[in-house]
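Protein chains in written order, with my numbering: chain D, 2 to 96; chain A, 4 to 192. Glycine included, each C-beta is placed from N, C-alpha and C at the ideal position. In this text, all values refer to a predicted model and were calculated from it rather than measured experimentally. Take a look at the structure set out below.
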């Protein structure tokens, strides 16, 4: 059985994926997780999750190319340039 | 040697030799996670040995290293259980289970002792041993119906309390363990 291990570095922080371990059952998984991701004081807590419990999603459809949903859909550089031209305050580099 | 020092050295010998024997699985345990786990247990045991030797060394005006490595093999007081080289996993686990059982009883006694220093160290060691016991129990449950495991328990159980004999295997281990140290007489590393 494969178990995915998530660890929290400091209290209050988000858990992040630490890695995966192979173990015959849950008790072994917890023991191995503690050993591999906790014994050096690098974690305040662990989540040990059987891999089957994880629902992976890998399809992200964007047929109409709606790039405004994405951060890179807003190229700030262009917009800034236009605004500066309108205001007559082009940055020194562009003068 | 005072009674206290004798006791400390005997327990330390158990932990050192067992740590050595357990470390023989590093790289060849049945699967990778167990390799890491068992090596870590081996390291813990040697760490316990060091703490116990240090306490004894203070009483005996020597050092932990000298107690651990500069005695003759026949001077070690460890149980015959830990002396054996057990290259079969089910026998190693049987030893692990038997040792943790006996060690737990010993630690309980030490923690209740009037000797504050000894009781304190025992409590510290016990907090780590709790995880070793958990590990031993998991394996005991897993191998419960395995006849080779049951046979190994029967074979090894009588050795737990044998402390006066010295197996040739202990001498052999001692040769390896002290080889580097003996190679340069009087060297400090």
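### the region 71-102 of chain A: positions lying closer than 7 Å to chain D by Cβ
none
### Message
Less than 8 Å between CB atoms is the rule here; does residue 132 of chain A satisfy it with respect to chain D?
### Response
no
#### Entry: Per DSSP, the bridge partner or partners of residue 46 of chain D
D:9
#### Entry: First and last residue of the uninterrupted alpha helix (DSSP H) at residue 9 of chain A
6-26
#### Entry: First through last residue of the beta strand (DSSP E) which encompasses residue 19 of chain D
17-23
### Query
Which residue's Cα is closest to the Cα of residue 172 of chain A: A:164, A:64, A:69, A:82?
A:82
### Task
Give, in chain order, every residue of the region 38-49 of chain A whose Cβ lies closer than 8 Å to some Cβ of chain D.
39, 40, 43
### Span separating the alpha-carbon of residue 2 of chain A from that of residue 103 of chain A
A query on residue 2 of chain A cannot be resolved here, the shown segment of chain A reaching from 4 to 192 and no further.
### Query
Along the chain, where does the alpha helix (DSSP H) that runs through residue 62 of chain A open and close?
35-63
### Task
Determine the chain D residues that contact residue 36 of chain A at a beta-carbon separation under 7 Å, and present them in chain order.
22, 23, 24, 33
### Task
Using DSSP bridges, identify the partner residues of residue 4 of chain D.
D:22, D:51
### Query
Which term fits residue 68 of chain D, buried or exposed, when burial requires 16 or more other beta carbons within 10 angstroms of its beta carbon?
exposed
### Query
Nearest-angstrom Cα distance between residue 72 of chain D and residue 93 of chain A?
57 Å
### Query
If we cut at 8 Å on Cβ distances, does residue 135 of chain A have a partner in chain D?
no
### Message
Short of 7 Å in beta carbon distance, which residues of its chain neighbour residue 41 of chain A, apart from the five on each side in sequence? Order them along the chain.
### Response
25, 28, 32
### Task
Could you work out which residues of chain D lie near residue 145 of chain A, taking near to mean beta carbons separated by less than 7 Å?
25
#### Entry: Contact list for residue 36 of chain D against chain A, beta-carbon separation under 7 Å
39, 40, 43
### Task
Determine the burial state of residue 129 of chain A: buried for a count of at least 16 other Cβ atoms within 10 Å of its Cβ, exposed for fewer.
buried
### Task
Tell me whether the beta-carbon of residue 35 of chain D lies closer than 8 Å to the beta-carbon of residue 47 of chain D.
yes
### Query
Which residue from A:14, A:115, A:98, A:6 puts its Cα closest to that of residue 51 of chain A?
A:14
### Query
Using the beta-carbon count (16 or more within 10 Å), is residue 22 of chain A buried or exposed?
buried
### Message
Here's the rule I'm using: 16 or more other beta-carbon atoms within 10 Å means buried, otherwise exposed. How should residue 187 of chain A be labelled?
### Response
exposed
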